[in-house]
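Each residue of the sequence shown is one higher than the one before, starting from 25 at the first, in my numbering. Glycine included, each C-beta is placed from N, C-alpha and C at the ideal position. The structure under discussion appears below in the form of structure tokens.
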Amino acid sequence: MFKKLMVSAAMAATMWFGGAAAADPLVSVDWVKQNAGKPGVVMIDLRPTPDYLRGHVPGAVTTNYGKDGWRAPNSAKTPDMFPEDTGKLAGLIGSLGIDNATHVVLLPPGANSSDMGMGTRIYWTFKVLGHDNVSILNGGMMAYAKDKANALEPGQVTPAAKAFNVNLRKDMLVSRDDMKKALDAGTLLVDSRTEDQYVGINRHPIAKSSGTIPGAKNLPQSWLTENGGGMFRGKDQIEALHKVAGVTTSGPQIAFCNTGHWASIGWFAASEILGNKQAKLYDGSMVEWTADPAMPMEQKVKF
Numbered sequence: 025m026f027k028k029l030m031v032s033a034a035m036a037a038t039m040w041f042g043g044a045a046a047a048d049p050l051v052s053v054d055w056v057k058q059n060a061g062k063p064g065v066v067m068i069d070l071r072p073t074p075d076y077l078r079g080h081v082p083g084a085v086t087t088n089y090g091k092d093g094w095r096a097p098n099s100a101k102t103p104d105m106f107p108e109d110t111g112k113l114a115g116l117i118g119s120l121g122i123d124n125a126t127h128v129v130l131l132p133p134g135a136n137s138s139d140m141g142m143g144t145r146i147y148w149t150f151k152v153l154g155h156d157n158v159s160i161l162n163g164g165m166m167a168y169a170k171d172k173a174n175a176l177e178p179g180q181v182t183p184a185a186k187a188f189n190v191n192l193r194k195d196m197l198v199s200r201d202d203m204k205k206a207l208d209a210g211t212l213l214v215d216s217r218t219e220d221q222y223v224g225i226n227r228h229p230i231a232k233s234s235g236t237i238p239g240a241k242n243l244p245q246s247w248l249t250e251n252g253g254g255m256f257r258g259k260d261q262i263e264a265l266h267k268v269a270g271v272t273t274s275g276p277q278i279a280f281c282n283t284g285h286w287a288s289i290g291w292f293a294a295s296e297i298l299g300n301k302q303a304k305l306y307d308g309s310m311v312e313w314t315a316d317p318a319m320p321m322e323q324k325v326k327f
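Next comes the structure, spelled out in structure tokens:
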């Protein structure tokens, strides 16, 4: 009996202090309040710097999703890809006070579903780097700040740098060639963009052509949060939406969008909320795919 109690206590301590077993994909505002500033937990605020400086979760550090190197052009100059220089990325992570034992908690702005994509894309990046101990605040900072009683700390937090080592999971990365092979093999492809982009009415300004990859199903990322806001829907609702879109909740599938931002939301819902570990993300997405005119496209609406 005593041994069982000791094991239970050890497991509880691991969960409390952010050990590997604690990394639920989504954490609540209450969890953030209880764990802010605790050893082994680093919270990363993804809002614009002025908002962060006005007031943030006590102890939270800040990073710029678009400028600090979480996404970078590859050697072919495709923008917003998983960085080829993982050493530089590891340096960025270490500069935030994160090592391989740290529980990373991402705090997106949370105003809408696309905001949450900052969290899901960086979350995916940590997973590719071999770091499983990462979570996202469901609802983002909008959910946290909704209760005026929740503490906000002004100013900048500058942590002591730590060493972060990369354990790259190459199997999580999908190249354009991989995507073409998946298409030829009949693998389920999931377009996370808006319906107007999916059918070919509008397109991303950098994409070379409109439409989608032939045979892809359309599951817009905005469906996956409540009213398109910052709060992810529950598992049952997400399963129902997959069914409506004709997307299975198990088996191989690859999410894509324009630059891998919206698709990271679709991947997160499939892989982390529904638990389909065969779901993958194509970060090159339509910008990389359409850069090669030999890649097939399907336009459901033609002008």
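Whole-angstrom C-beta distance between residue j and residue i, which should lie under 8 Å
i	j	result
ILE237	PRO49	The pair is not a contact, with the Cβ atoms about 27 Å apart (cut-off 8 Å).
GLY284	ARG145	7 Å
LEU243	VAL271	5 Å
MET330	GLY134	Nothing can be reported for residue 330, as the shown portion of the chain is limited to 25 through 327.
GLU322	GLY235	5 Å
GLY141	LEU113	GLY141 to LEU113, Cβ: 18 Å. No contact.
ASP156	ALA84	No, ASP156 and ALA84 are not in contact; Cβ-Cβ is about 21 Å, not under 8 Å.
LEU153	ASN191	7 Å
ALA264	ALA279	Going by Cβ atoms, the distance from ALA264 to ALA279 rounds to 18 Å, so no, they are not a contact pair.
Limits of the beta strand (DSSP E) - the one that residue i falls within
i	result
LYS304	303–305
VAL81	It is not in any beta strand (DSSP E) - VAL81 carries neither H nor E in the DSSP assignment.
ALA279	277–280
SER99	From DSSP, SER99 is part of no beta strand (DSSP E); its letter is neither H nor E.
VAL128	127–131
Limits of the unbroken alpha helix (DSSP H) element including residue i
i	result
HIS266	259–269
ILE237	From DSSP, ILE237 is part of no alpha helix (DSSP H); its letter is neither H nor E.
GLN58	53–59
ALA287	286–291
ASP201	200–209
VAL190	From DSSP, VAL190 is part of no alpha helix (DSSP H); its letter is neither H nor E.
ASP139	137–152
SER119	110–119
ASP220	219–223
MET67	Premise fails: MET67 lies in the beta strand (DSSP E), 65–69, not in any alpha helix (DSSP H).
When the options are compared against residue i, the one with the closest alpha-carbon
i	options	result
SER216	SER159, PRO103, GLN277, GLY179	GLN277
PRO317	LYS241, LYS232, GLY252	LYS232
SER99	SER199, LYS324, ASP54, GLY143	SER199
PHE150	PHE292, PRO320, GLY61	PHE292
VAL268	GLY164, ARG95, SER274, LYS241	LYS241
GLY61	ILE68, LEU77, PRO82	PRO82
ASP75	LEU192, THR218, PRO132, TRP94	PRO132
ALA184	LYS194, PRO72, LEU120, GLY275	LEU120
PRO107	LYS194, LEU130, ASP202	LYS194
LYS172	VAL181, ASN189, LYS57	LYS57
GLY90	GLY79, ARG78, LEU77, THR73	THR73
ASN282	ASP307, ALA294, SER274	ASP307
MET67	GLY111, LEU161, THR110	LEU161
ALA303	ILE230, HIS228, LEU197, SER159	LEU197
MET319	VAL214, LYS205, THR211	LYS205
LYS310	HIS127, ILE122, MET203, GLU250	With the sequence shown as reference, residue 310 is identified as Met, and Lys is not the correct amino acid for it. Per the Cα distances, MET203.
Classification of residue i by the beta-carbon crowding that lies within 10 angstroms, buried from 16 upward
i	result
ALA45	Residue confidence is low: ALA45 scores 48 on pLDDT, short of 50, so the model does not pin down where it sits. Its coordinate-derived value is still stated next. Result: exposed.
GLY20	Residue 20 is absent from the structure shown; the chain starts at 25 and stops at 327.
PHE327	exposed
THR314	buried
GLN245	buried
GLY42	Unreliable placement is indicated for GLY42, whose pLDDT of 37 sits below 50; no coordinate value is reported for it.
THR59	Reading off the sequence shown, one finds Asn at residue 59, where the question assumed Thr. So ASN59 counts as buried.
THR102	buried
ALA187	exposed
ASP139	buried
ASN300	buried
ARG78	exposed
ASP69	buried
GLU312	buried
ALA209	exposed
SER274	exposed
GLY179	exposed
Would the region 216–228 count as touching the region 254–268 if we require 3 or more Cβ pairs under 8 Å?
no
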